[in-house]
Amino acid sequence: MANTPLMPKATAVWLVDNTALSFTQIASFCKLHPLEVKAIADGEAAQGIKGLDPILTGQLTREEVEKAQKDPNYQLKLQGSKVVVPETKRKGPRYTPVSRRQDRPNAILWLVRNHPELKDAQIMRLVGTTKPTIAAIRDRTHWNSANLTPSDPVTLGLCSQLELDMEVEKAAKNAPQPVPGAEETLIPVEESTSEDAIAAAFSFDPNQPVKRDEEEEIDADAVFANLGSLNTSEAGDADSEEETASVEDVFGEAASDDDTK
Numbered sequence: 620m621a622n623t624p625l626m627p628k629a630t631a632v633w634l635v636d637n638t639a640l641s642f643t644q645i646a647s648f649c650k651l652h653p654l655e656v657k658a659i660a661d662g663e664a665a666q667g668i669k670g671l672d673p674i675l676t677g678q679l680t681r682e683e684v685e686k687a688q689k690d691p692n693y694q695l696k697l698q699g700s701k702v703v704v705p706e707t708k709r710k711g712p713r714y715t716p717v718s719r720r721q722d723r724p725n726a727i728l729w730l731v732r733n734h735p736e737l738k739d740a741q742i743m744r745l746v747g748t749t750k751p752t753i754a755a756i757r758d759r760t761h762w763n764s765a766n767l768t769p770s771d772p773v774t775l776g777l778c779s780q781l782e783l784d785m786e787v788e789k790a791a792k793n794a795p796q797p798v799p800g801a802e803e804t805l806i807p808v809e810e811s812t813s814e815d816a817i818a819a820a821f822s823f824d825p826n827q828p829v830k831r832d833e834e835e836e837i838d839a840d841a842v843f844a845n846l847g848s849l850n851t852s853e854a855g856d857a858d859s860e861e862e863t864a865s866v867e868d869v870f871g872e873a874a875s876d877d878d879t880k
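Residue numbering for the sequence shown is 620 to 880, as defined by the numbering used here.
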């Protein structure tokens, strides 16, 4: 904890032996129970522990100790460290707890599907796996491919969101940039989901013929000429029918005369 001094019991031993602070003050500063501090003062606990001077280690100032000795209700405040210790970078593959190793294939599948721009080395750093495992999941040749479920590695606790964002950003920088002026093969989402496009899609009736942009002008003379030709053809058909009927009548009468004779 950031508010806990180094070696709390050793610090409590030194404060008990070298100051007039109350058990409650020492317990509050060292994050111990007052009865535990009382046991240290009585020699029942922390036997053989050498006291650690918090003033020499920079965790307390002498003025702070004197102020607390004068006021029993004053709580000691831990001094911030003046030296910033840099975090050592981890070397080698990421260590994954045994309880979470079974979730690594699901995390790899999620990364392969949602971030195909990530390289195998980046996935190895995020999840702590090997290249053969990544290749098997990519090719769907993993022994448990049928039961794999894509899962976010951040949710599974295999990496932090900051680490994932850094790797994705790094992969995006190294990805090839699109060629300017290249023709797009798909309509942008804004155009395909606009109100005009949706209205046109729902108003289209496949049973109706497509309307022409420019309709032909109606010529009255041509219409009447067509009507005249139709009337003439109908009259010709009627005359031919009458001629046929008269021929049948002549042949019918001749046949009836023969029968009479």
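We treat Cβ as the ideally placed atom computed from N, Cα and C, and that holds for glycine. Quick caveat, the model's predicted, so the values are computed rather than measured.
Note to self: Since E786 and L737 should fall inside the 8 Å C-beta cutoff, what is the C-beta to C-beta distance between them, to a whole number of angstroms?
What the structure shows: That pair is a contact at about 6 Å.
Item checked: Boundaries of the alpha helix (DSSP H) in which Q741 is found, first to last residue -> 739 to 746
Notebook entry, point to check: Taking the alpha helix (DSSP H) that D784 falls in, what are its first and last residues?
Noted result: 780 to 793
Notebook entry, point to check: Is DSSP giving E833 helix, strand or coil here?
Noted result: Because E833 sits at a pLDDT of 48, beneath the cut-off of 50, its placement in the model cannot be relied upon, and the following sentence gives the value as read from the coordinates. The answer is coil: DSSP assigns E833 none of H, G, I, E or B.
Notebook entry, point to check: For L634, which three-state DSSP category applies?
Noted result: Taken through DSSP and simplified to helix, strand or coil, L634 comes out as helix.
Margin query: Tell me which residue opens and which closes the alpha helix (DSSP H) that P653 is part of.
Written below: 653 to 661
Check: Does the Cβ of R759 have 16 or more other Cβ atoms within 10 Å, making it buried, or fewer, making it exposed?
Finding: R759 is exposed by the Cβ-count criterion.
Item checked: Exposure label - R717; buried when at least 16 CB within 10 Å -> Checking the sequence shown, residue 717 turns out to be Val, not Arg. Exposed, by the Cβ-count rule.
Notebook entry, point to check: Beta-carbon separation of P653 and A660 under 8 Å?
Noted result: no
Checklist line | Reference T894, options P769, S770, T715, S779, closest by Cα | finding: Residue 894 is absent from the structure shown; the chain starts at 620 and stops at 880.
Next item on the list: Could you pull out every residue in the same chain whose Cβ sits closer than 8 Å to the Cβ of L651, ignoring the five residues on either side in sequence?
Entry: P627, K628, A631, I645
Check: Helix, strand or coil: which one does DSSP assign to Q721?
Finding: helix
Next item on the list: Since I believe G776 is in contact with R719 (beta carbons under 8 Å), could you give me their beta-carbon distance rounded to a whole number of angstroms?
Entry: 6 Å
Next item on the list: Check whether the Cβ atoms of K745 and L767 lie closer than 8 Å to each other.
Entry: Note on identity: in this sequence residue 745 is Leu, with Lys being the wrong assignment. No. Outside cutoff.
Checklist line | Through-space distance from Q688 to T638, alpha-carbon basis | finding: 8 Å
Notebook entry, point to check: Helix, strand or coil: how does DSSP classify K686 here?
Noted result: helix
Margin query: Suppose you measure from the CA of P735 to the CA of C649; what does that come to, to the nearest Å?
Written below: 50 Å
Next item on the list: Alpha carbon to alpha carbon, how far is V773 from I674? Give it in angstroms, no decimals.
Entry: So the two alpha carbons sit approximately 42 Å from each other.
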